[in-house]
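Structure, as C-alpha cells:
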Amino acid sequence: MTRPDVVVIGAGIVGAACAWFATRAGLRVTVVDRGAVAGGTTGAGEGNLLVSDKPPGPELQLAQLSARLWSELAQEIRGFEYEPKGGLVVAATPASLDGLVALAEAQRRAGVDVRAVASDELADYEPWLSRKLLGGAFYPQDAQVQPMLAAARLLRSARMAGAEVRLGVEVGALLRDGDRVTGVRTGTGDIAAAAVVNAAGVWGGEIAGMAGVKVPILPRRGFILVTEPLPPVVRHKVYAAEYVADVASSGAGLQTSPVVEGTPSGPVLIGSSRERVGFDRTLSVPVLRALAAQAIELFPVLAEVVMIRAYHGFRPYCPDHLPVIGADPRAPGLLHAGGHEGAGIGLAAATGLLVAQVLSGGATDMDLSPFRPERFG
Amino acid sequence: MMDIFIFDGRRIEFRPGQSVGAALVNVGMRSWRRTRLTGRPRGIFCGIGVCFDCLVEIDGTPNQRACLIPARAGMVVRRQEGDGHGHLTV
Numbered sequence: 117m118t119r120p121d122v123v124v125i126g127a128g129i130v131g132a133a134c135a136w137f138a139t140r141a142g143l144r145v146t147v148v149d150r151g152a153v154a155g156g157t158t159g160a161g162e163g164n165l166l167v168s169d170k171p172p173g174p175e176l177q178l179a180q181l182s183a184r185l186w187s188e189l190a191q192e193i194r195g196f197e198y199e200p201k202g203g204l205v206v207a208a209t210p211a212s213l214d215g216l217v218a219l220a221e222a223q224r225r226a227g228v229d230v231r232a233v234a235s236d237e238l239a240d241y242e243p244w245l246s247r248k249l250l251g252g253a254f255y256p257q258d259a260q261v262q263p264m265l266a267a268a269r270l271l272r273s274a275r276m277a278g279a280e281v282r283l284g285v286e287v288g289a290l291l292r293d294g295d296r297v298t299g300v301r302t303g304t305g306d307i308a309a310a311a312v313v314n315a316a317g318v319w320g321g322e323i324a325g326m327a328g329v330k331v332p333i334l335p336r337r338g339f340i341l342v343t344e345p346l347p348p349v350v351r352h353k354v355y356a357a358e359y360v361a362d363v364a365s366s367g368a369g370l371q372t373s374p375v376v377e378g379t380p381s382g383p384v385l386i387g388s389s390r391e392r393v394g395f396d397r398t399l400s401v402p403v404l405r406a407l408a409a410q411a412i413e414l415f416p417v418l419a420e421v422v423m424i425r426a427y428h429g430f431r432p433y434c435p436d437h438l439p440v441i442g443a444d445p446r447a448p449g450l451l452h453a454g455g456h457e458g459a460g461i462g463l464a465a466a467t468g469l470l471v472a473q474v475l476s477g478g479a480t481d482m483d484l485s486p487f488r489p490e491r492f493g
Numbered sequence: 003m004m005d006i007f008i009f010d011g012r013r014i015e016f017r018p019g020q021s022v023g024a025a026l027v028n029v030g031m032r033s034w035r036r037t038r039l040t041g042r043p044r045g046i047f048c049g050i051g052v053c054f055d056c057l058v059e060i061d062g063t064p065n066q067r068a069c070l071i072p073a074r075a076g077m078v079v080r081r082q083e084g085d086g087h088g089h090l091t092v
C-alpha cells in the first residue's frame, strides 16, 4: 500500500465529497470509517440541497456554491436521484408571511432566485396544499438527492480514480509529530499521511479532541416520518416559514415545524423536529404525533394516508450554526469538514471542493474565515 | 361450514384464525398484485409482515398486508392497483 497524501475520517456525504474532490485534484486519498458508508447522519436525513432556508451570509454563499456543484455532479457522477424540483415555503399567519417576504427580498439581493407566490397561486404549485395559507415563496434552486446513494456514488467514483475506502476501520488516535498531525492510528494499523481530514460528523468533536483541540460539534436529534408510497401528491419540497427560525434558534427543547416532500420511489417524507437530547435514540411518539399533525395542516390529504415507518438521526451542529471547514492552525496537518447541522448533504459538495483546494495549497473559491475551526476559543 | 370473504368478487373460504393471505394461498392463488414500476407478480413472500409484497385493499383501505390481517366473514378484499392511491393523482 502506498502512503496516501490524505486520510479522510468518515464515509458520510461530507467525507465522500472531500474524497472525490481531493482525488480529482490529483491527491492520493484513503477514506476510513468505523462503520459503513452513510452509516451516520447521512443515512438519517432527507437529502435536501437548499438555498431557501438560509439568510444572506457565509452559509448561504456555501449553499449557492454547493447548488452549482451538485448540478454538475449529477451530470458527472449520476445515479443518486438528483431532483432539481424547487422548494415552496408557505406562510399561515400575517407575521410569518411578513417574515418570509423580508427574508426572500434579502436573499434576492444575495443572488437567490426566489418568486413570490400569492395565496391563490399556491394550488398551481401544489394541488393538495391547504387552502388556508396566506402565501409563499418559490425557490427554483432548491433540489433533493438520495443522500446514501450520493455518498456511495461519490466514493465509488473516487475509488475508480484511485482512492482507497476502508470500512470497519476505527480511528483510535492521531499520529503526532509535536503539534503536527501525521496520520491516524487504527485497529488495523497506522496510516501515515501528510494531512488528515476530520469528516466524522457528529463525532467530529471526538476526533478533534484526539489532536488536543476543541471543536464543539454537538448532536441535535431529528425524526422523519415515512408514508406508504403515493402518487406525486407533493411535487416540491414544501415547508412552513417558521422552519427557518427553528433552525436558527439555539434552544435545547423540542421544536417542530412542518417540512414535507415526495420521493421518486413514492413515499412522502415528513419532518422536521429538533431537540438536544445527546445521543438518545429512544423513539418519541409525541414528536411523531406533532410531525403528523403539522403535515396534515399543510396537506390535509395526508390524513387518509398510512405512515409505514419513522427514522431519526443526529445533526452535527456548532453553537453558531456554521460549519467548520478548513485547516486547524492549532494542529498543522489536521483539517475539519463538519458541523453542517441539518444542511450537510446540501453543503457537502462545496465543502469537499474547498477542502480539496486547501489540501492542494491553492486559492479557495470562498473565504473560509467564517468557518475557521479555532473560532470558538 | 366455513366462513367466507370476497376477493375480487370470488368467494374465498377460510378457517377461523387464518390470515387473508393464507386463505388466498389455500385456494391456489400465488400472486395478487403487480409491482408499481415493472409490473412483476407478487404474493406471499416473507409471510410475517416485513416485506410488504402481499399488499391488498381490504374494505376500501389499500396497502394492507394480507399475511397479517386475520380473515373475517364478509370482508371485501380487492386486488390493489399500483400504490392503491390512484384517486390522489392530479
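Listed in order, the protein sequences are those of chains H and Y. Heads up: the first sequence begins at 117 in the numbering used here, then just goes up one per residue. Heads up: the second sequence begins at 3 in the numbering used here, then just goes up one per residue. Think of the CB as a built atom: it goes at the ideal place given N, C-alpha and C, for glycine as much as any other residue. Small disclaimer: the values here were computed from a predicted structure and weren't measured.
For I6(Y), the beta-bridge partners assigned by DSSP are E15(Y). The beta carbon of P439(H) is closer than 6 Å to those of G455, H456 and F487 in its chain, skipping five residues each way along the sequence. In this structure, L450(H) is the residue among L450(H), R491(H) and M482(H) with its C-alpha nearest to the C-alpha of L475(H). When the five nearest sequence neighbours on each side are left out, the beta carbons in the same chain lying within less than 6 Å of the beta carbon of E15(Y) are those of M4 and I6, in order along the chain.
Cβ proximity to chain Y below 7 Å picks out E344, P345, L346, P347 and V349 from the region 344 to 372 of chain H.
If you ignore the 5 residues before and after A141(H), its C-beta comes within less than 8 Å of the C-beta of A472, Q473, L475 and S476, all in its own chain and listed in chain order.
With respect to A132(H), G468(H) sits close: the two C-beta atoms are nearer than 9 Å. Nearest CB-CB separation between W136(H) and chain Y: not below the 9 Å threshold. In terms of CA proximity to L166(H), Y355(H) leads the group T480(H), I412(H) and Y355(H).
Annotation: Cβ neighbours of P243(H) in chain Y (cutoff 9 Å, chain order): V92. For R38(Y), the residues of chain H that pass the 8 Å Cβ criterion are P345 and G382, in the order they occur in the chain. With a threshold of 16 other beta carbon atoms within 10 Å, G86(Y) meets it and is buried.
If you compare the alpha carbons of G161(H), A135(H), I333(H) and D121(H) with that of I340(H), the shortest gap goes to G161(H).
By the CB criterion at 9 Å, R405(H) and R431(H) fall outside the cutoff. Residue contact with chain Y for I424(H): present (Cβ-Cβ distance below 9 Å to some residue of chain Y). Residue contact with chain H for P43(Y): absent (no Cβ-Cβ distance below 9 Å to any residue of chain H).
Judged by pairs of C-beta atoms under 8 Å, the region 145 to 159 of chain H touches the region 271 to 287 of chain H, as three or more such pairs exist.
At least one beta carbon of chain Y lies nearer than 9 Å to the beta carbon of V417(H).
For D444(H), DSSP records no beta bridge to any residue. In terms of beta-carbon proximity, V421(H) lines the interface with chain Y, with at least one pair separated by less than 9 Å. Taken atom to atom, the span from the alpha-carbon of L90(Y) to that of A268(H) is near 34 Å. Secondary structure note for Q371(H): its beta strand (DSSP E) is the uninterrupted segment Q371 to G378. Between the alpha carbons of G202(H) and A253(H) lies a distance of about 10 Å. In the DSSP assignment, R351(H) falls outside any alpha helix (DSSP H) and carries neither an H nor an E. Within chain H, the C-beta atoms nearer than 7 Å to that of G88(Y) come from P347, in chain order. Assignment of E280(H) by DSSP, reduced to helix, strand and coil, places it in the strand class. T398(H) carries a coil assignment under DSSP once its states are collapsed to helix, strand and coil. Pairwise C-beta distances place the region 477 to 484 of chain H out of contact with the region 35 to 48 of chain Y, as fewer than three of them are shorter than 8 Å. E237(H) and A419(H) have their C-alpha atoms roughly 23 Å apart. Against chain H, the CB of D61(Y) has no partner CB under 9 Å away; the residue lies outside that interface.
Below 8 Å, enough C-beta pairs join the region 11 to 27 of chain Y and the region 59 to 75 of chain Y to call them touching: three or more. With respect to the C-alpha of L213(H), the residue from A234(H), L334(H) and M423(H) having the closest C-alpha is A234(H). When rounded, the separation of the alpha-carbon atoms in A239(H) and L249(H) is 10 Å.
Residue range L57 to I60 is occupied by the beta strand (DSSP E) that includes E59(Y). In this structure, V360(H) keeps its C-beta atom at 9 Å or more from the C-beta atom of V206(H). Its Cα nearest to that of Y433(H), the residue V363(H) stands out among S373(H), V363(H) and G251(H).
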